[in-house]
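Participant: Residue numbers (our numbering), protein chains in the order written: chain A, 45 to 176; chain B, -2 to 154.
Take a look at the following structure, please.
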């Protein structure tokens, strides 16, 4: 029983010298400053990438619309046109189908543009997500 | 939580935290300080998720204990015997005042060690220790009494 009390007292009186607390906190603050700097760099880079992605998507969309219109206006060479069934000819296609075709085509071009951008952009993940 | 608030809370809790980690690491100051810094950085990065009504101290100790467990899983100095670590590293207490205690604590299983230190040094309740060590109060009570018995035996030798 007495030994138990001695042991408990030993643990309760455990007060090791931990050094200067102010210095410890200022070291911690320096480390947090470094983290904040990296976080800000990451945020800036993320914003840049997002803006470029939007530009790539919009440009892709515009290019898609332009290309779709071009294809619709100059669908097939006149020689082959005569050989096609009548329902394949653009002049007979419903206007809604045309619009849908242009939209799908434009969106596809936009997505492809964005994907290309994603593939070729710089990879910052190693810098911004360290394994703490 | 703002950075200022985080620093304010950490300033109040850093001593108990470092004391706990120092004992948990068997008196190896270099390793315990590394773990403490890592834990504080993790806590800072996660401070946005901290719920104010939760006890900050318990939350911080929980992160620190997890960081300690992660550290022990890595193959490095904590796997070495205590004497080699003390010779190789900086002594936490130049007077060797706690040498016997560190040696004894070092021989306890990790969970018993944490329970003994949190209960007897930091004064945590069984419930809080269970939260920190991701356990339940009954298991904590058992680990604590087992740990104390083992400590007594080791110190008697």
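Cβ coordinates follow ideal geometry from the N, Cα and C atoms, glycine included.
Closer than 7 Å, Cβ to Cβ, to anything on chain B: give me those residues from the segment 56 to 89 of chain A, in chain order.
Facilitator: 56, 58, 60, 61, 62, 65, 68, 69, 72, 73, 75, 76, 79
Participant: Identify, in the order they occur along the chain, each residue of the same chain with its Cβ nearer than 6 Å to the Cβ of residue 99 (chain B), setting aside the five sequence neighbours on each side.
Facilitator: Translated into positions along the second chain, residue 99 (chain B) becomes position 102. Once the five neighbours on either side are set aside, the close Cβ partners of residue 99 (chain B) are 23, 24.
Participant: With a threshold of 9 Å between beta-carbons, can residue 152 (chain A) be considered close to chain B, or not?
Facilitator: What you label residue 152 (chain A) is simply residue 108 of the first chain in a count that begins at 1. No, its Cβ sits nowhere closer than 9 Å to a Cβ of chain B.
Participant: Could you compute how far the alpha carbon of residue 109 (chain A) sits from the alpha carbon of residue 93 (chain A)?
Facilitator: Along the first chain, read from residue 1 onward, the residue named residue 109 (chain A) stands at position 65. Along the first chain, read from residue 1 onward, the residue named residue 93 (chain A) stands at position 49. When rounded, the distance between both Cα atoms is 24 Å.
Participant: Using beta-carbon positions only, say whether residue 147 (chain B) and residue 72 (chain A) come within less than 9 Å of one another.
Facilitator: Position 150 of the second chain, counting from 1, holds the residue named residue 147 (chain B). Position 28 of the first chain, counting from 1, holds the residue named residue 72 (chain A). Not a contact, by the Cβ cut-off of 9 Å.
Participant: Check whether the Cβ of residue 149 (chain B) lies closer than 9 Å to any Cβ atom in chain A.
Facilitator: As a first step, residue 149 (chain B) is located in the second chain; it is residue number 152 there, counting from the start. Chain A contact via Cβ: present.
Participant: Between which two residues does the alpha helix (DSSP H) harbouring residue 100 (chain B) extend?
Facilitator: On the second chain, residue 100 (chain B) is found 103 positions in, with the first residue counted as 1. 96 to 103 is the extent of the alpha helix (DSSP H) around residue 100 (chain B).
Participant: Check whether the segment 128 to 140 of chain B touches the segment 101 to 119 of chain B, taking contact to mean three or more Cβ pairs, one atom from each stretch, closer than 8 Å.
Facilitator: yes
Participant: Counting C-beta neighbours from all protein chains within 10 Å, is the total for residue 100 (chain A) 16 or more, i.e. buried, or is it exposed?
Facilitator: In the first chain, residue 100 (chain A) corresponds to position 56, counting from 1. By the 10 Å Cβ count, residue 100 (chain A) comes out buried.
Participant: Straight-line CA distance for residue 171 (chain A) to residue 42 (chain B)?
Facilitator: What you label residue 171 (chain A) is simply residue 127 of the first chain in a count that begins at 1. What you label residue 42 (chain B) is simply residue 45 of the second chain in a count that begins at 1. For residue 171 (chain A), the pLDDT reaches just 41, beneath the cut-off of 50, and the residue's location in the model is therefore unreliable, although a value from the coordinates is still provided. Cα to Cα, residue 171 (chain A) sits roughly 16 Å from residue 42 (chain B).
Participant: Considering just the uninterrupted stretch of the alpha helix (DSSP H) at residue 65 (chain B), what are its terminal residues?
Facilitator: One-based indexing of the second chain puts residue 65 (chain B) at position 68. Residue 65 (chain B): member of the alpha helix (DSSP H) spanning 53 to 70, first to last residue.
Participant: Would you be able to state if there are at least three C-beta pairs under 8 Å between the segment 27 to 34 of chain B and the segment 2 to 10 of chain B?
Facilitator: no
Participant: Should the segment 138 to 152 of chain B be called in touch with the segment 52 to 66 of chain B, which here means at least 3 C-beta pairs below 8 Å?
Facilitator: no
Participant: Identify whether residue 25 (chain B) lies in helix, strand or coil by the three-state DSSP scheme.
Facilitator: Counted from its first residue, the second chain places residue 25 (chain B) at position 28. Residue 25 (chain B) falls in the strand class under three-state DSSP.
Participant: Spell out whether any CB of chain A is found under 9 Å from the CB atom of residue 100 (chain B).
Facilitator: Taking the first residue of the second chain as position 1, residue 100 (chain B) is located at position 103. No, residue 100 (chain B) lies away from the interface with chain A (no Cβ there is under 9 Å from its Cβ).
Participant: Which word fits residue 26 (chain B), buried or exposed, when buried means at least 16 other C-beta atoms lie within 10 angstroms of its C-beta?
Facilitator: Against the second chain, residue 26 (chain B) aligns to sequence position 29. With 16 or more Cβ atoms within 10 Å of its Cβ, residue 26 (chain B) is classed as buried.
Participant: Locate the alpha helix (DSSP H) running through residue 71 (chain A), then write down its first and last residues.
Facilitator: Translated into the one-based positions of the first chain, residue 71 (chain A) becomes position 27. Segment 65 to 117, the alpha helix (DSSP H) holding residue 71 (chain A).
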